[in-house]
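> Sharing a structure here in structure tokens format.
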Amino acid sequence: MGPLAQAVAPSHMPIVLRPLLPELILVGTALALMLLDALRPTPDQRPFVLLSLAGVAGAAAATLSLWTWKGPGSVLGGMIAADRFAVYFRLVILAAAALGILLSSYYLDRAGEARGEYYPLLLFATAGMTLITAASDLILIFLALEILSLSLYLLTGFSFRRLASAEASMKYFLLGAFSSAFFLYGIAFAYGATGTTNLAGIATALASRVNGDALALIAVGLLAVGFSFKIAAVPFHMWTPDAYQGAPTCVTAFMSAGTKVAAFGAFLRVFGVAFLPLAHDWRAFMGVLAAISIIVGSVLAIAQTDIKRLLAYSSIAQAGFILVGLSAGTQAGIQSAMFYLAVYAGTVLGAFAVVAIASVRGEEHTALSSYAGLARRRPLLGLALTAFLLSLAGIPPMAGFIAKVSVFSAAVQAGSWPLVLIAVLASVAAAFFYIRVIVLMYMQDPAPEIEGVRIESDPAGWAAVLAPAFLTVVFGILPGLLFGLLRTASVVRF
Amino acid sequence: MESYYAQYGVVVAVLIAGIGLVAVAFTAARIVAPRRPLPEKLTTYECGIDPVGEGWAQTQIRYYIYAFLFVIFDVESVFLFPWATIFERLGMQAVVEMGIFIFILALGLLYAYRKKVLQWA
């Protein structure tokens with residue numbers, strides 16, 4: 001029997017699909033929606049919204065059932081990890097997807113962009129995101145990265161009649177394809193250095209060496225560059241402001257939360273498992289990446305006059321803070337980064353949801369000046385945005401404060417206090433532009449031309465604002481709710 | 001630990017040398033090169049044709065869609081051939097799995113047909 005036949009012979013490898021069930025449900029729902037759109041085209045979005053929400057809920061239920069999974073640590077020949085790490089990330093991503101779906105229907109109706117392709121694409125992107133956090137083989141990580149990226153390029157350009165959207169999509173696509181090449185090149189080097197693309201296999205191969213060798217170090221560098229593009233860390237952040245600004249705001253909300261969580265999930269797994277033996281080498285690299293992301297993101301955000309660009313630069317700085325946790329290279333570091341990611345996802349999604357509602361028709365009022373007096377016109381919306389901005393700035397009692405503290409304390413324990421010093425100073429400077437928006441909302445009168453503009457949304461849109469706002473406050477006051485889960489979820493099994 | 005990171009001094013040295021090389025070359029060119037500004041040099045095409053209209057243009061994407069549809073059949077055959085050589089040994093399960101695979105690809109074709117991209121118009 002040849003090696004290929006041996007590898008696929010059923011007696012040798014029982015096919016266990018259950019750890020892959022969330023993705024299968026998502027893709028199945030997406031295909032059903034695609035068919036529905038093709039066979040019964042309808043301008044009514046309700047069936048699409050309900051079906052895709054059902055798909056996400058089904059995937060979440062399948063994910064939850066994996067929390068108590070007693071089977072092998074990885075299935076399908078070591079391709080899929082069945083650990084709580086993946087369960088945690090999938091739940092965060094699915095929550096982001098659900099809120100993104102809730103936000104979308106009213107936005108698309110209002111912008112006149114309601115087309116049936118939207119929801120299948122969003123579900124495909126979600127499937128890619130959840131798959132990447134469970135993938136424990138570099139090839140599968142690449143595949144999942146492409147699934148989520150390709151769907152997001154299209155979603156970014158969904159309002160293609162608006163030139164900014166088409167341009168954003170093009171920029172995102174070109175730079176994304178560029179970063180994929182880096183990533184693939186890194187996989188090739190990892191294979192060259194260790195003879196396998198399996199994360200556990202790479203870790204074993206590297207651990208048995210005394211000196212780090214050049215091939216493995218090149219692989220580490222190239223893979224870090226590929227991930228840095230996706231998480232939008234400086235100096236690989238150039239696409240972020242344009243893509244976030246040009247994309248329809250409901251897409252921006254979903255992708256700013258989902259992509260970062262997904263890419264960080266794979267980032268933590270690859271560097272926390274496969275390349276852990278080389279931690280001495282990459283820790284310094286991550287530290288530098290974190291420091292310049294925080295500084296550049298915070299400084300450039302100060303100069304922004306558009307709320308979407310401001311939030312984009314803020315998300316670049318946030319990527320830096322999460323990298324501080326990763327650069328600690330310890331269990332506590334991974335744990336704090338995971339907490340930070342959940343908080344970040346909720347906060348940034350909520351903030352963009354407010355922007356989506358406040359911009360009235362499509363992308364009309366995204367200039368910062370149109371937020372003057374928002375709190376007076378729409379008190380609840382103003383209050384929610386205030387909560388999100390304070391959380392992003394890291395001010396107690398919001399969840400962002402706990403997230404920053406836990407990341408910093410993990411880094412200090414690992415001895416990288418200069419990095420923490422830089423991060424703390426930069427976050428003080430960053431508080432300026434968050435608070436400037438709050439001041440604008442509460443202490444200034446609305447401009448006369450937008451005074452009479454009515455800001456409305458449907459209940460689903462409100463849910464997408466209020467649910468994250470509620471969670472931001474709850475996790476700020478009771479962070480133990482999440483940390484309790486993280487004690488077991490931050491252990492990567494293989 | 002300090003001496004360990006000192007090994008990376010070579011990388012920093014190469015980085016500085018690289019930046020230095022480009023900086024020196026550009027500065028030297030700036031100092032040495034003759035400078036004769038003319039308005040013609042600022043036009044888009046120096047050969048003399050003035051650009052008309054704007055840079056945005058629509059492109060016929062018909063062929064592009066066909067390339068996409070070709071991929072459906074292409075991917076199908078890429079997996080069908082290796083499968084065909086061993087499916088006897090794998091039994092019913094493999095047949096069902098290939099059926100699912102082809103069904104998903106066929107959905108793509110059905111979608112394209114319903115969206116009327118198969119019409120050459």
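So the protein lines, in turn, are chains W and L. Per the working numbering, the first sequence starts with residue 1, numbered consecutively. Per the working numbering, the second sequence starts with residue 1, numbered consecutively. All C-beta atoms, glycine included, are put in the ideal place defined by N, C-alpha and C.
(1) Beta-carbon within less than 8 Å of residue 256 (chain W)'s beta-carbon, same chain only, minus the 5 sequence neighbours each way: which residues are those?
(2) In the DSSP assignment, find the alpha helix (DSSP H) that holds residue 47 (chain L) and state where it starts and stops.
(3) What in chain L is Cβ-close to residue 495 (chain W), meaning under 9 Å?
(4) Please classify residue 128 (chain L): is it buried, with 16 or more other beta-carbons within 10 angstroms of its beta-carbon, or exposed?
(5) So is the beta-carbon of residue 372 (chain W) under 7 Å away from any non-hydrogen atom of the ligand ADP?
(6) So residue 338 (chain W) and residue 490 (chain W) are in contact, right, with Cβ under 8 Å, and what is the actual spacing, rounded?
(7) Is the CB of residue 35 (chain W) under 8 Å away from at least one CB in chain L?
(8) Kindly indicate the opening and closing residues of the alpha helix (DSSP H) around residue 64 (chain L).
(9) Three-state secondary structure (DSSP) at residue 458 (chain W)?
(10) Does residue 57 (chain W) come within less than 8 Å of chain L when only Cβ atoms are used?
(11) Can you tell me whether DSSP reads residue 81 (chain W) as helix, strand or coil?
(12) Compare the C-beta of residue 38 (chain W) against all C-beta atoms of chain L and say whether one is closer than 8 Å.
(13) Could you tell me which residues DSSP puts in a beta bridge with residue 135 (chain W)?
(14) Please state whether DSSP places residue 445 (chain W) in a helix, a strand or coil.
(15) Relative to chain L, which residues along the region 16–31 of chain W have a C-beta separation below 7 Å, given in chain order?
(16) Check the C-beta distance from residue 216 (chain W) over to residue 181 (chain W) and give it rounded, since I have them as a contact under 8 Å.
(17) Going by the beta-carbon positions, is the gap between residue 31 (chain W) and residue 104 (chain L) smaller than 8 Å?
(18) Do you know offhand how far residue 324 (chain W)'s Cα is from residue 308 (chain W)'s?
(19) Which whole runs of the alpha helix (DSSP H) in the region 332–412 of chain W are 4 residues long or more, in chain order?
(20) Tell me which same chain residues have a C-beta within less than 6 Å of the C-beta of residue 107 (chain L), skipping the five on either side of it?
(21) Please report the distance separating the alpha-carbon of residue 145 (chain W) from that of residue 27 (chain L).
(22) Rank W:35, W:93, W:82 by C-alpha distance to the C-alpha of residue 57 (chain W) and give the top, closest one.
(23) Classify residue 74 (chain W) as helix, strand or coil using the three-state DSSP reduction.
(24) Inspect the CB distances between the region 439–452 of chain W and the region 363–375 of chain W and report whether three or more fall short of 8 Å.
(25) Residue 274 (chain W) and residue 333 (chain W) look like a contact to me (Cβ under 8 Å); what is the Cβ gap, rounded to whole Å?
(26) Name the chain W residues that come within less than 9 Å of residue 111 (chain L), Cβ to Cβ?
(27) For residue 101 (chain W) and residue 165 (chain W), which I take to be in contact (beta-carbon distance under 8 Å), what is that distance rounded to the nearest angstrom?
(28) Taking the beta carbon of residue 83 (chain W) as the centre, do at least 16 other beta carbons fall within 10 Å, making it buried, or is it exposed?
(29) Express the C-alpha separation of residue 155 (chain W) and residue 109 (chain W) in angstroms, rounding to a whole number.
(30) Identify each residue in the region 235–247 of chain W for which the Cβ-Cβ distance to at least one residue of chain L is less than 7 Å, and report them in chain order.
(31) List the DSSP bridge partners of residue 306 (chain W).
(32) What is the rounded straight-line gap between the Cα of residue 38 (chain L) and the Cα of residue 436 (chain W)?
(33) Give me, in chain order, the residues of the same chain whose beta-carbon lies closer than 7 Å to that of residue 238 (chain W); leave out the 5 immediate sequence neighbours on both sides.
(34) Mark residue 202 (chain W) as exposed unless 16 or more other C-beta atoms lie within 10 angstroms of its C-beta, in which case mark it buried.
(35) Can you give the Cα-Cα distance for residue 161 (chain W) and residue 117 (chain L), rounded to whole angstroms?
(36) Quick one: list the residues of chain L neighbouring residue 280 (chain W), beta-carbon separation under 7 Å, in chain order.
Straight from the coordinates:
(1) 244, 311, 312, 315, 348, 349, 352
(2) Here residue 47 (chain L) belongs to no alpha helix (DSSP H), and DSSP marks it neither H nor E.
(3) Residue 495 (chain W) lies beyond the stretch modelled for chain W, which goes from 1 to 494, so this question has no answer here.
(4) Residue 128 (chain L) lies beyond the stretch modelled for chain L, which goes from 1 to 121, so this question has no answer here.
(5) The ligand ADP is not part of the structure shown, which contains no ligands of any sort.
(6) Indeed, because the Cβ distance is near 6 Å, the residues count as touching under 8 Å.
(7) It does: the Cβ of residue 35 (chain W) has a partner Cβ on chain L nearer than 8 Å.
(8) 62–90
(9) coil
(10) no
(11) Strand, per DSSP.
(12) When Cβ-Cβ separations below 8 Å define contact, residue 38 (chain W) makes contact with chain L.
(13) W:80
(14) Of the three classes helix, strand and coil, the one that applies to residue 445 (chain W) here is coil, per DSSP.
(15) 31
(16) Contact between residue 216 (chain W) and residue 181 (chain W) is ruled out by a C-beta separation of about 20 Å, above the 8 Å threshold.
(17) yes
(18) Those two C-alpha atoms are separated by around 25 Å.
(19) 374–377, 379–393
(20) none
(21) 42 Å
(22) W:93
(23) Looking at residue 74 (chain W) - three-state DSSP - the assignment turns out to be strand.
(24) yes
(25) That pair is no contact at about 16 Å.
(26) 34, 35, 37, 38
(27) Rounded, the Cβ-Cβ distance is 19 Å, inconsistent with contact.
(28) By the Cβ-count criterion, residue 83 (chain W) is buried, with 16 or more other Cβ atoms from all chains shown falling within 10 Å of its own Cβ.
(29) 16 Å
(30) Of all residues in the region 235–247 of chain W, none is placed with a Cβ closer than 7 Å to any Cβ belonging to chain L.
(31) W:367
(32) 47 Å
(33) 175
(34) If you draw a 10 Å sphere on the C-beta of residue 202 (chain W), you find 16 or more other C-beta atoms in it, and that means buried.
(35) Their backbone Cα atoms lie some 20 Å apart in a straight line.
(36) The contacting residues are 4.
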